[in-house]
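Visitor: Would you mind keeping the following structure in view while I ask a few things?
Residue numbers (the numbering used here): 47 to 301.
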């Protein structure tokens, strides 16, 4: 049927597998050449063997617009995977020698080793120069130090810095000695879905492992090997540690 008359409606079929789940977004779509596209719907909870009920309704606003006149079709069963994790904050630990990357949920730890090379995870650092201009410093892979590898000095004299997971929601980066990273510098993550670090959310439901898509960091916009725009876009500012700030203020220091 290639009709362009009427609308399609979609809903979640309630079952024992999806109690508490909701379908959100625009659940109606116009029929165009026999097709309806639902591009803005999401299902709130992951689970197994969900089904959608799709209805074709020729008359939307008339006495003929009743469910009894709808043409109804059920989808095949499908699984709903978790949403990808989101990086909520990048901040100093209490020691100011470690940076913490804190995620909104427990992750699979990126399939990283107990202690890993941070260059697998990081793309670069943006810092202001003495004139207030943002300069982008790319991360160098281990063993490729050269003229463009200022990052060696920014993250400490021991390069690369070490990344590890104290728990599934927190990745920590231990800086080397004489690191030059400061409050409000921007850290950029690699935007590489096929890279060695694949940070996902994984849950087990009835013995079946459901994996989210890989976390997708914001893309670096406008930054290159020499400079960034007025304010870097796509990076995470390093937040100061409020606990240590209070300690310094109590000691009479100026922040």
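We put the beta carbon where it would ideally sit given N, CA and C, even for glycine.
1) Use the C-beta contact count for residue 262: other C-beta atoms within 10 angstroms, 16 or more gives buried, fewer gives exposed.
2) With DSSP as the reference, label residue 125 as helix, strand or coil.
3) Buried or exposed: residue 297, going by 16 or more other Cβ atoms within 10 Å of its Cβ?
4) Look up residue 76 in the DSSP assignment and say whether it is helix, strand or coil.
5) Tell me, please, which residues DSSP counts as bridged to residue 226.
6) By the DSSP assignment, the beta strand (DSSP E) with residue 164 in it spans what residues?
7) Return yes when the Cβ of residue 164 is within less than 8 Å of the Cβ of residue 136, no when it is not.
8) If we count the other Cβ atoms within 10 Å of its Cβ and call it buried at 16 or more, is residue 93 buried or exposed?
9) So residue 71 packs on residue 83, CB below 8 Å; how close in whole Å?
10) Please classify residue 66: does DSSP put it in a helix, a strand, or coil?
11) Cα separation between residue 216 and residue 252?
12) Hey, would you say residue 232 sits closer than 8 Å to residue 169, going by beta carbons?
13) Excluding the 5 residues flanking residue 132 on each side, which residues of the same chain have their C-beta closer than 6 Å to its C-beta?
14) Scan the stretch 195 to 219 and note each continuous beta strand (DSSP E) run of 3 residues or more that stays entirely inside, going in chain order.
15) Per DSSP, what kind of secondary structure is residue 154 in: helix, strand or coil?
16) Between residue 81 and residue 200, what straight-line distance do the alpha-carbon atoms span, to the nearest angstrom?
17) Cα separation between residue 160 and residue 67?
18) For a quick check, are the C-beta atoms of residue 73 and residue 51 less than 8 Å apart?
19) Just how far apart, CA to CA, sit residue 143 and residue 69?
20) For residue 114, does the three-state DSSP call read helix, strand or coil?
21) Pick from 104, 86, 185: whose alpha carbon is nearest that of residue 237?
22) Are the C-beta atoms of residue 94 and some chain C residue less than 8 Å apart?
23) For the beta strand (DSSP E) that contains residue 93, what are its first and last residues?
24) Between residue 127 and residue 91, what straight-line distance do the alpha-carbon atoms span, to the nearest angstrom?
25) Residue 219 to residue 241, Cα distance in whole Å?
26) For residue 114, count neighbouring C-beta atoms within 10 Å of its own C-beta (all shown protein chains included) and say buried if the count is 16 or more, exposed if not.
27) So residue 154 and residue 245 are supposed to be a Cβ contact under 8 Å. How far apart are they, rounded?
28) Might you give, ordered along the chain, the residues of its own chain that have their beta carbon closer than 6 Å to the beta carbon of residue 121, omitting 5 neighbours on each side?
Guide: Considering the structure as presented:
1) Taking every protein chain shown into account, the CB of residue 262 has fewer than 16 other CB atoms within 10 angstroms, so this residue is exposed.
2) Looking at residue 125 - three-state DSSP - the assignment turns out to be strand.
3) Unreliable placement is indicated for residue 297, whose pLDDT of 42 sits below 50; no coordinate value is reported for it.
4) Strand at residue 76.
5) Answer by DSSP bridge pairing: none, since residue 226 is not bridged.
6) That residue, residue 164, is in no beta strand (DSSP E); it is neither H nor E in DSSP.
7) Cβ atoms of residue 136 and residue 164: not closer than 8 Å.
8) Flag for residue 93 reads buried.
9) About 12 Å separates the two Cβ atoms, so there is no contact after all.
10) Three-state DSSP puts residue 66 in coil, outside helix and strand.
11) In this structure, the straight-line span from the alpha carbon of residue 216 to that of residue 252 is close to 27 Å.
12) Not closer than 8 Å, so no.
13) Closer than 6 Å at the Cβ level, and outside the excluded window around residue 132, lie 150.
14) For the stretch 195 to 219, the full-length beta strand (DSSP E) segments reaching 3 residues or more read 208 to 213 along the chain.
15) Residue 154 falls in the coil class under three-state DSSP.
16) Taking the Cα positions, residue 81 is about 55 Å away from residue 200.
17) Distance between the alpha carbons of residue 160 and residue 67 is about 36 Å.
18) Result no, Cβ atoms of residue 73 and residue 51 do not sit closer than 8 Å.
19) Separation of residue 143 and residue 69 (C-alpha to C-alpha, rounded to the nearest whole angstrom) is 45 Å.
20) Shown here, residue 114 sits in a helix according to DSSP, grouped into three states.
21) Put simply, of 104, 86, 185 the residue whose alpha carbon is nearest the alpha carbon of residue 237 is 185.
22) Annotation note: the requested chain C is absent from the structure, which comprises a single protein chain.
23) Here the beta strand (DSSP E) through residue 93 covers 93 to 96.
24) Spanning the alpha carbons of residue 127 and residue 91 requires a straight line of approximately 8 Å.
25) If I take the Cα positions, the gap works out to 19 Å.
26) Answer is exposed; the Cβ neighbour count stays below 16.
27) For residue 154 against residue 245, the beta-carbon gap comes to about 7 Å, under 8 Å, which counts as contact.
28) Apart from sequence neighbours up to five positions away, the residues of its chain that approach residue 121 with a beta-carbon distance below 6 Å are 97, 98, ordered along the chain.
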